[in-house]
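Undergrad:
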Amino acid sequence: MASLFLPFRSTYRYIQRQAHESPVILWSCVLGFSGPVLAVSVPAVRARLGWRPSPEIPTTYPLPQRARQSVQGYEDE
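Add 31 to the 1-based position in the sequence shown for this note's numbering, that's all there is to it.
This is the structure we're talking about:
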């Protein structure tokens, strides 16, 4: 039964050794592997918490629904 967990034990020892010898490489791998997990899990958690997207920002100014009056008295003379 002990031989069943031997690969996991050696993997843990290797990760522990890498954490002491080159922590930058280890942490960059940890962050790199956590990215796809977060990309899948974060939208589901946000939806469960009731997050809704904000309304669209208007790209044009709304024009009034009436006849336009011409401007008088501002000529450059």
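All C-beta atoms in this analysis are idealised placements derived from N, C-alpha and C, irrespective of residue type, glycine included.
(1) Give the C-beta separation of Leu57 and Gln49 to the nearest angstrom, bearing in mind that I take them to be a contact with Cβ-Cβ under 8 angstroms.
(2) Return helix, strand or coil for Pro89, following the three-state DSSP convention.
(3) Suppose you measure from the CA of Gly81 to the CA of Val71; what does that come to, to the nearest Å?
(4) Go ahead and pull the three-state DSSP assignment for Phe64.
(5) Would you kindly work out how many angstroms separate the C-alpha atoms of Leu69 and Arg97, rounded to a whole number?
TA: So, from the data block:
(1) At roughly 5 angstroms, the Cβ-Cβ gap stays under 8 angstroms, so Leu57 and Gln49 are in contact.
(2) Secondary structure at Pro89: coil, using DSSP grouped into helix, strand and coil.
(3) Taking the straight line joining both Cα atoms gives about 17 angstroms.
(4) Shown here, Phe64 sits in a helix according to DSSP, grouped into three states.
(5) Cα to Cα, Leu69 sits roughly 51 angstroms from Arg97.
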